[in-house]
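Enquirer: Structure provided below as structure tokens; questions to follow.
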Amino acid sequence: MSENLSSFTEPTDESLSVHAVQAKWQKYWADNDTFLAGGEEDTRPRKFVLAMFPYPSGDLHMGHAENYLYSDIVARFWRHRGHNVLNPIGWDSFGLPAENAAIRRGADPREWTYQNIDQQKQAFKSYGVSFDWSRELHTSDPEYYHWNQWLFLKLHERGLAYRKKSPVNWCPNDQTVLANEQVVDGRCERCGTEVVKKKLTQWYFKITDYADRLLDDLNQLEGRWPHKVLQMQRNWIGRSIGADVDFRIEGREEPVTVFSTRPDTLHGATFFVVAPDAELATELVADAPAEVQTSFAEYLATVQKTTDIERQATDRPKTGVFLGRYAINPVNGEKMPIWAADYVLADYGTGAVMAVPAHDQRDLDFARAFDLPVKVVVDTTAPVTGAMPIIQVDEEGVPIDTGAATVDDQHPSVTGVALSGEGRMINSGDLNGLSKRNAVARAIEQLVASGTGRASKNYRLRDWLISRQRFWGTPIPMLHHEDGHVTPVPEAQLPVKLPSVEGLDLSPKGTSPLGAAESWVRTVDPISGDPVLRDADTMDTFVDSSWYFLRFLSPNSDQFAFDPAEAARWAPVDSYVGGVEHAILHLLYARFITKVLFDMGLIDFTEPFSSLINQGMVILNGAKMSKSKGNLVLFEDELGAHGADAVRVGMAFAGPVEDDKDWADVSTTGAQKFLARAMRLSHEVSSPVDVLFKDGNAALRRGTHHLLAEAPALVEQTKFNVLVARLMELVNLTRKTIDSGAGASDPAVREAVETIAVMLDLIAPHTAEEMWEALGHEPSVGLVTWRQADPALLVEDTITAVVQVGGKVRAQFDVSAKISEAELEALARADERVIRAIGDKEIVKVIVRAPKIVSFAVKG
Ligand code: ANZ
């Protein structure tokens, strides 16, 4: 059999060459608007399928091939299931790489960006992705960023956009601030340079106001988003529940509040620690003796050079300075020395802690280093449930020596290990005897009663810093007046467009290049007529991507960001496909903005992405692909060499969606052979288009209908590789049926080949169209509804089971494919031939693999 690609790419027959076939169908789809989403009048149910939009960075790589294949499979699937599908595409086209490329070449970032977009667009088109190109958007167009500015003003109106001066993450290389989310292991996410802290006045979005909702609404997504991503979001938001406790400070008017997750341990608080870089430390040290001030200043200088990551490392020796002041423990009036130490962070909680060394490891390490008292208040040897603790305490809660294991044996100051586990309270006044949970509740009641504290929550999540000191982004639509007050640009005057780059020096200098665009930055307040300066910073590009999915619904509107009526029809996104690298930032911001838009009454849902598919990485020979390592497989090269359908089949077949795929293991040749075999079948079918399928070859019909029954679930569970395998099986079965005498005129052959064509459309759409045409149908196969499986053809299969005795096959018989191990073994033992073969030998072992094998190991 000559079932290889030569019959498919025969250069003498142009119409069959892979690239000609591709071009033919791509033109057909474009000319006929095949994949445009239906409008308002379309009554089919809707599906919004979206792949995370690409950054136009020049070369497309195989990760793109994977991402846009998966979303395309899902989009095509829903069309075949009778849905009106929206599968749009746009470009996340603001950002640093374009600006850096422009600086290198002395050019305009616009040029680089839009050239890349053109090139990538061509690649996506030749890949046969069923995008609705009529809705294409670019975030760097004023028509788009107009609405970023509108969003900013809306957030500002609602008190959710504000300016503050605070220490920010600063990348000395890119000369810009970074959001917490953009600092990875203390380094700039983009260039790897170590991030330092700098005090700047910047714009923030108040995402912390939404912390509880961002956390609690994750429950809605359970089972629809990968569990790992939900967990990463939860950890990022990092809600801690506890209490705020007010401490009086000797010689100071205002109390100092600390956040603690363990207010139950207040009786064990023996000292007090403040972050050296918090304002409070400087305030407390102001009246201290000169030598204290000097040692504090020296300490602060070293701390400022230390990253937060280092400060939180548990294996680092503890350092600190006594500030010469005392806090008063509100529960027992004891004096607690106040220290400054860098393990306490300035921007978490209140930047100060009550130290409970017996029960907190960091505090214990510090207490041991500086010889501070350690007081046990939880007996962790006592059972939490049950009446009788191992350690007996007297009426005052003081342990009685019973000769059994005692708290002293495991005193943290001896063992160096803090007692952080559950137990019963001791040495804690009327909390004595309580379990941790009850003690926490009681302690909070007592704090409230005495007016020295209250229940409180704390989050790891910080407000979203959105100012960037760079050119290629959305200008912040605010005006700075001479007296320092700041007013919004009126909505009617949006967009505030970026100026031309002509005469501007874009190189990073720590301030925005826009500030130097004199004629742009100097303007007049349209309300007061006062001379004002425009805000020269631009927005973090994560603002652009926080709501873009909604813009696809009204891509050309200059009246609104999106039409709420369209949002009600289409949104939220039903299937969102993208890389796990966006598990935190992008998804968190999009979730936040969605909730704000909900609160504004513009949308009726609170989560933007109803289901999320994360694809694995495409690697090469076990290693991550990268330009610098020179092991980048380029998407366009692969497309050119093998054709879109072979790349698509190779990718889909390479493994489960969420797994990494090694491109070195992918056989595009195998894929080509498979496609050529499928294609040949469609040319062979010789029954008429309107033949009735009912009398065809029964085995083939069963095969076809089994696939019809199974395929929808395979796609919905994103088992695309299994679907390809099933299609390969059906192609083989059809081939066998034709060759074994049924012939190509059997109606079952047409039924099978039509099913193959319609399903193959998900993975190899050009081949599928070509097959559909060869079968005598009108295009497009992409819009054909999948046939229903006939239940009569799904009756249980039988399978031939084999019985071995002493390694030799002794019997074979047909059994139900669903037979149990026990039933199969019983049948085997009852078989005459098996009984004879065993004779009087002893059976030492029986292995049963239902429904196929029973194997008796015998002795004697
Ligand atoms: C007393 C105590 C006793 C604490 C105990 C813990 C255990 P999470 O869970 O991460 O929210 N803390 C508070 N602010 C801090 C800061 N700015 N820098 C470093 N540590 C800080 O941690 C909250 C706990 O971390 C708080 O509860 C506080 O120590 C400490 F047995 O208070 B705890």
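Heads up: the sequence shown begins at 11 in my numbering, then just goes up one per residue. C-beta: ideal position from N, C-alpha, C; glycine also.
Measure from the alpha carbon of Arg472 to the alpha carbon of each residue in Ala688, Lys174, Ser27 and Ser270, then state which is nearest.
Expert: For Arg472, the nearest C-alpha among the options comes from Lys174.
Enquirer: Report yes or no: do three or more beta-carbon pairs, one from the stretch 149-164 and one from the stretch 556-575, lie closer than 8 Å?
Expert: Enough Cβ pairs lie closer than 8 Å, so yes.
Enquirer: Tell me where the beta strand (DSSP E) around Asp142 begins and ends.
Expert: That run of the beta strand (DSSP E) goes Asp142 to His148.
Enquirer: Evaluate the contact criterion for the stretch 633-652 versus the stretch 605-615: three or more CB pairs, one atom per stretch, below 8 Å.
Expert: As far as the Cβ criterion goes, the stretch 633-652 does not touch the stretch 605-615, which means the pair count is below three.
Enquirer: Let me know the secondary structure DSSP gives Gly196 once reduced to three states.
Expert: Gly196 falls in the coil class under three-state DSSP.
Enquirer: Nearest CA to the CA of Thr425: which residue from Val384, Val531, Ala836 and Asp256?
Expert: Looking at the Cα atoms, Val384 is the closest of the given residues.
Enquirer: Using the Cβ count rule (16 or more neighbours within 10 Å means buried), how would you classify Val858?
Expert: Buried, by the Cβ-count rule.
Enquirer: Under a Cβ-count criterion, where at least 16 other Cβ atoms within 10 Å of its own Cβ denotes burial, should Tyr172 be classed as buried or exposed?
Expert: Per the 10 Å Cβ criterion, exposed.
Enquirer: Along the chain, where does the alpha helix (DSSP H) containing Asn448 start, and where does it finish?
Expert: It spans Lys446 to Ser460 - the alpha helix (DSSP H) in which Asn448 sits, taken as one unbroken run.
Enquirer: Any heavy atom of ligand 2 closer than 7 Å to the CB of His369?
Expert: Ligands in the displayed structure: ligand 1; ligand 2 is not one of them.
Enquirer: Are there three or more Cβ pairs, one per stretch, closer than 8 Å when the stretch 330-339 is compared with the stretch 235-246?
Expert: Contact fails: fewer than three Cβ-Cβ distances are below 8 Å.
Enquirer: Between the alpha carbons of Ser16 and Arg690, how many angstroms are there, rounded?
Expert: Only weak support exists for where Ser16 lies, its pLDDT of 36 falling under 50; the value from the coordinates is given anyway. One C-alpha to the other measures close to 11 Å.
Enquirer: If I follow the unbroken beta strand (DSSP E) through Tyr214, where does it start and stop?
Expert: Per DSSP, Tyr214 belongs to the beta strand (DSSP E) from Val206 to Phe215.
Enquirer: Taking DSSP as the reference, what is the three-state secondary structure of Thr123?
Expert: Thr123 falls in the helix class under three-state DSSP.
Enquirer: From which residue to which residue does the alpha helix (DSSP H) around Ser81 run?
Expert: It spans Met72 to His90 - the alpha helix (DSSP H) in which Ser81 sits, taken as one unbroken run.
Enquirer: Leaving out five residues on either side along the sequence, give the residues of the same chain with a beta carbon under 8 Å from the beta carbon of Phe608.
Expert: Asp614, Phe615 and Thr616, listed in sequence order.
Enquirer: On the CB-based measure, 16 or more other CB atoms within 10 Å of its CB, does Leu702 come out buried or exposed?
Expert: Burial call: exposed.
Enquirer: Taking 7 Å as the cut-off, does the CB of Gly252 come closer than this to any heavy atom belonging to ligand 1?
Expert: Yes, Cβ of Gly252 sits closer than 7 Å to a heavy atom of ligand 1.
Enquirer: Are the beta-carbon atoms of Pro119 and Trp673 separated by less than 8 Å?
Expert: Cβ distance not < 8 Å, so Pro119 and Trp673 don't count as in contact.
Enquirer: Looking at Leu294 and ligand 1, is the gap between the Cβ and the nearest heavy atom below 7 Å?
Expert: Checking every heavy atom of ligand 1 against the Cβ of Leu294, none is found closer than 7 Å.
Enquirer: If I follow the unbroken beta strand (DSSP E) through Arg173, where does it start and stop?
Expert: Element bounds for Arg173: Ala171 to Cys181.
Enquirer: Applying the criterion that 16 or more other CB atoms from any shown protein chain within 10 Å of the CB defines a buried residue, is Glu852 buried or exposed?
Expert: Exposed, since its Cβ has fewer than 16 Cβ neighbours within 10 Å.
Enquirer: What beta strand (DSSP E) runs, 3 residues minimum, are completely inside the stretch 616-699?
Expert: For the stretch 616-699, whole beta strand (DSSP E) runs of length 3 or above, ordered along the chain, are 622-625 and 628-630.
Enquirer: What separation, rounded to the nearest whole angstrom, lies between the Cα atoms of Glu13 and Phe663?
Expert: Annotation note: pLDDT 36 at Glu13 (below 50); position unreliable, no value reported.
Enquirer: Nearest to Phe269 by CA position, among Val366, Thr777, Thr218 and Ile99, is which residue?
Expert: That would be Val366, whose Cα lies nearest to the Cα of Phe269.
Enquirer: Give the DSSP-derived three-state secondary structure of Ile400 in the structure shown.
Expert: In this prediction, Ile400 scores a pLDDT of 47, lower than 50, which makes its location untrustworthy; no coordinate-derived value is stated.
Enquirer: Kindly indicate the opening and closing residues of the alpha helix (DSSP H) around His490.
Expert: Element bounds for His490: not the alpha helix (DSSP H) but the beta strand (DSSP E), Met488 to His491.
Enquirer: Taking Asn245 as part of the alpha helix (DSSP H), name the residues at either end of that continuous run.
Expert: That run of the alpha helix (DSSP H) goes His237 to Ile247.
Enquirer: How long is the line joining the alpha carbons of Ile400 and Ala453, rounded to whole angstroms?
Expert: Residue placement at Ile400 is poorly supported in this model, since its pLDDT is 47, which falls under 50; the coordinates still yield a value, given next. Taking the straight line joining both Cα atoms gives about 24 Å.
Enquirer: Give me the Cα-Cα distance between Leu516 and Pro509, rounded to the nearest whole angstrom.
Expert: Each residue's Cα considered, the two are about 12 Å apart.
Enquirer: Answer yes or no: the CB of Thr275 versus the heavy atoms of ligand 1, is any distance below 7 Å?
Expert: Within the cutoff, so yes.
Enquirer: Does the separation of the CB atoms of Ala356 and Ala288 fall below 8 Å?
Expert: The answer is yes: Cβ separation under 8 Å.
Enquirer: Determine the closest residue to Asp3 out of Leu231, Asp325, Asp82 and Leu803, with distance taken between C-alpha atoms.
Expert: Given that the chain is displayed from residue 11 to residue 870, the structure contains no residue 3 and the question cannot be resolved.
Enquirer: Roughly how many angstroms separate the alpha carbons of His592 and Leu96, rounded to a whole number?
Expert: Answer to the nearest angstrom: the Cα atoms are 22 Å apart.
Enquirer: Where does Thr679 land, buried or exposed, given buried means 16+ other C-beta within 10 angstroms?
Expert: The residue in question, Thr679, is exposed, as its Cβ has fewer than 16 Cβ neighbours within 10 Å.
Enquirer: Indicate, with yes or no, if ligand 1 has a heavy atom lying under 7 Å from the CB of Ala285.
Expert: Yes, Cβ of Ala285 sits closer than 7 Å to a heavy atom of ligand 1.
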